[in-house]
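Here's the structure we're looking at; comments come further down.
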Amino acid sequence: MRINILQHSPNEGPGFIKDWALERGHDIYVYHPYYFDGILPNEKDTDMLIILGGPMSPNDDLPWIKDERKLIQELIDRSIPIFGACYGAQQISKTLGYDVSKAPYKEVGWAPVYLKSNSIQNIPPKLSALHWHEEMFEIPKEAELLFSSDLLENQGFLLKNIIGLQFHFEPTKTDIHEIVVNDASYALNNNALNQSPKDILTNDFPSENKETMFKLLDYISQ
Numbered sequence: 001m002r003i004n005i006l007q008h009s010p011n012e013g014p015g016f017i018k019d020w021a022l023e024r025g026h027d028i029y030v031y032h033p034y035y036f037d038g039i040l041p042n043e044k045d046t047d048m049l050i051i052l053g054g055p056m057s058p059n060d061d062l063p064w065i066k067d068e069r070k071l072i073q074e075l076i077d078r079s080i081p082i083f084g085a086c087y088g089a090q091q092i093s094k095t096l097g098y099d100v101s102k103a104p105y106k107e108v109g110w111a112p113v114y115l116k117s118n119s120i121q122n123i124p125p126k127l128s129a130l131h132w133h134e135e136m137f138e139i140p141k142e143a144e145l146l147f148s149s150d151l152l153e154n155q156g157f158l159l160k161n162i163i164g165l166q167f168h169f170e171p172t173k174t175d176i177h178e179i180v181v182n183d184a185s186y187a188l189n190n191n192a193l194n195q196s197p198k199d200i201l202t203n204d205f206p207s208e209n210k211e212t213m214f215k216l217l218d219y220i221s222q
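Numbering-wise (the UniProt record's numbering), the sequence shown opens with residue 1 and increments by one.
Given below as structure tokens:
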């Protein structure tokens with residue numbers, strides 16, 4: 001399987017998604033459309049699409065952001081599995097015709113998320129996830145709510161072989177270090193989780209997130 005990954009920031013890489021792909025024997029191709037002139041994969045060469053997070057918004061008026069949604073729609077039409085994290089999940093929702101808007105709370109740091117669906121088996125009912133956002137997606141009407149948090153109901157959705165998460169299960173412990181040292185200032189202003197960069201770095205790393213990430217990707221790739 002060829003897995004095409006859209007990465008939107010140098011400090012938000014695929015993390016455990018890469019580990020999953022390599023363990024399953026898949027080929028990985030990473031694209032950086034924000035940097036390399038909007039280069040995107042061909043939909044015919046995509047067996048799974050991963051859309052990672054980033055500092056931009058789906059509402060930004062940039063050609064490559066609109067081109068991403070064209071690619072997403074082409075893959076949805078072909079029933080190709082798609083996983084989106086944060087900005088990536090917002091892009092999926094917007095592609096399907098739903099709103100992306102400011103969230104009632106800016107969430108930056110570690111906070112629990114709660115499973116709201118039994119469609120994917122053996123997922124813990126409560127998990128600790130990394131949050132790094134101030135926008136939110138609208139849940140597509142044809143999808144089911146997958147996760148919620150204490151501050152935001154729409155934290156994840158499942159639509160057939162598509163999963164969108166507003167938060168992050170994919171970062172490894174080293175990835176967390178990279179995110180924080182490069183984007184620490186984002187946690188300092190109007191953060192409803194009231195966590196400093198030091199708080200985020202010293203939080204106990206949730207080892208179950210890797211297994212959960214693997215289960216989510218196994219589900220949509222069946």
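Ideal Cβ placement from N, Cα and C applies to all residues, glycine included.
All values reported here derive from a predicted model rather than from experimental measurement.
Would residue i and residue j be called neighbours here (beta carbons separated by less than 7 Å)?
i           : j    : result
P10         : M48  : no
L52         : Q7   : yes
residue 225 : G156 : Within the shown structure, residues of the chain are numbered from 1 to 222, placing residue 225 beyond reach of any answer.
M213        : F16  : yes
S57         : E138 : no
residue 226 : L159 : Because residue 226 is not part of the residues shown, which for the chain are 1 to 222, the question remains open.
G54         : Y87  : yes
Taking residue i and residue j to be in contact with their CB atoms under 8 Å, please state how far apart those CB atoms are, rounded to whole angstroms.
i    : j    : result
Y31  : I39  : 6 Å
S149 : A111 : 6 Å
G164 : S221 : That belief does not hold up - the Cβ atoms of G164 and S221 are roughly 16 Å apart, past 8 Å.
Whose C-beta lies closer than 7 Å to the C-beta of residue i among residues of the same chain, with five residues either side of it excluded?
i    : result
A192 : Y105, K106, E107 and L151
E208 : P124 and L127
N59  : V100
A187 : V108, G109, Q195, S196, P197 and I200
Y219 : I120
Around the C-beta of residue i, are 16 or more other C-beta atoms found within 10 angstroms, so that it is buried, or is it exposed?
i    : result
E68  : buried
T174 : exposed
Name the DSSP beta bridge partners of residue i, please?
i    : result
R2   : D27
P112 : S128
L49  : N4 and I82
K102 : E135
Closer than 8 Å by C-beta to residue i: which residues in its own chain qualify, once you throw out the five before and the five after it? Chain order, please.
i   : result
E43 : L71, E74, L75, R78 and I80
For residue i, I'd like the list of residues in its chain whose CB is within less than 6 Å of its CB, leaving aside the five on either flank, ordered along the chain.
i    : result
I179 : N11
L217 : W20
I3   : A21, H26, I28 and M48
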